[in-house]
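For the sequence shown, my numbering assigns the number 117 to the initial residue and increments by one for each residue that follows.
Even glycine gets a Cβ: it sits at the ideal position worked out from N, Cα and C.
Reading through the structure tokens given below for one structure.
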Amino acid sequence: MENRQKWQDSVSRGLIWSSNINEGSDGPECLHIEELGDIWEHCQNGEPSEKALGINYEAAASRRFQISGHHGLNTRILAYGKIYRNHQKYNEHTLNVSAGYQFANAKRTVTLAPLWEWSSSGQHAQHRAYGARAEWNEARSRWSWNTEAEWKKQVYFNSDMKHNNHRLFSVFNTLSYGLRDDVVIFGGLDWQQRFSEEPTESYRQPAIRLGAAKQFAGGFDASLYTLLRHRSYKQENEFLGKRRRDNEQIYTLNLGSDRWKIADMKPVFTLKHRRVNSNIKWLNSFKQNEIGISLIKQF
């Protein structure tokens, strides 16, 4: 109980290299159009990919303030972002803060809280958001279940982006199971739905997550994580002549070592591959590889 009421913090900072920071499609798409007996070839050129080296960071802090019995107040602060050398327009920073009611006992935790978010892109503030979140966590000897639901309204600072103002509803479900003391498998089903002021920007997005983590002798650990999701937009874009649909795959491998800690900071090596296959290939399809090395400290 005493540990629950202390600040639980983690900080990560490291180097990251990306093969495609701008999510460029790297090539044209040509369509053959038949008109009045003639066949025309119409080609659209996608944006070329840009490589960059940068710095990524993540910080998280949470604390429970006891009120009475199992009831209390929970505060959570998240900050994360990326800073690229000579590519400042792709820099990104996000701050998310929530504080609200929490019920907690030995096996179950339930949290209900309002939230506030601020984000920047490039060298300018991008959007602010407000909303609410609910989280339920069930823990047993071998398995645990977590469900987090979030609703927020996102408003862009730039008047030229006002058409992208939207409400976003998200649900994340995760089941973890310990096969052995040194092996954990996990998976989840997620759902996101965006209601935008511009109907062509509204979408729904189901997703599935699968992964495994293992501790090795000598203080080494590894985890492999897969995310598959499908995004379907609500309305056809008149200019593009299609209703956008994207299939996304993300594969992540993390290798860590408590044995090689530096000033009590754990080094973690990360490989990540991401690809998006879109029905509007020239504009939205892309591949991206990332390599990172970070130092992580938990308080």
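Query, Result
"With a Cβ-Cβ cutoff of 8 Å, do residue 328 and residue 300 count as a contact?", "yes"
"What residue range does the beta strand (DSSP E) around residue 356 cover?", "Premise fails: residue 356 is in no beta strand (DSSP E) and is neither H nor E."
"Would you identify the three-state DSSP class for residue 184, choosing helix, strand or coil?", "strand"
"Could you tell me which residues DSSP pairs with residue 396 in its beta bridges?", "Note: residue 396 sits in no beta bridge, so no partner."
"Determine the direct distance from the alpha carbon of residue 220 to that of residue 241, and round the result to whole angstroms.", "37 Å"
"Excluding the five sequence neighbours on either side, which residues of its own chain have a C-beta within less than 8 Å of the C-beta of residue 239, listed in chain order?", "204, 205, 207"
"Taking the runs of the beta strand (DSSP E) that are 3 residues or longer, which of them lie wholly in the region 253–299?", "259–272, 282–296"
"For residue 303 and residue 292, I'd like the C-alpha separation in whole angstroms.", "7 Å"
"Please return the same chain residues whose Cβ sits closer than 6 Å to the Cβ of residue 268, not counting the five positions on each side in sequence.", "245, 247, 284"
"Just verifying my parser: in three-state terms, what is the DSSP assignment at residue 365?", "strand"
"Any idea which residues DSSP pairs residue 140 with across the strands?", "Per DSSP, none; premise fails for residue 140."
"What are the boundary residues of the beta strand (DSSP E) that includes residue 133?", "124–134"
"Give every residue of the same chain whose Cβ lies closer than 6 Å to the Cβ of residue 294, excluding the five residues on either side of it in the sequence, and list them in chain order.", "258, 300"
"Spell out the partners DSSP gives residue 164 in its beta bridges.", "According to DSSP, which records beta bridges pairwise, residue 164 is partnered with nothing at all."
"Between residue 349 and residue 318, which are expected to be in contact by the criterion C-beta below 8 Å, what is the C-beta distance as a whole number of angstroms?", "7 Å"
"Could you pull out every unbroken beta strand (DSSP E) segment of at least 3 residues lying fully inside the region 317–358, listed in chain order?", "319–332, 336–349"
"Who pairs with residue 250 in a beta bridge, going by DSSP?", "228, 265"
"So, under 8 Å CB-CB, residue 373 and residue 415 are touching, yes? Tell me the CB distance rounded to an integer number of Å.", "Incorrect: roughly 19 Å between the Cβ atoms, too far for contact."
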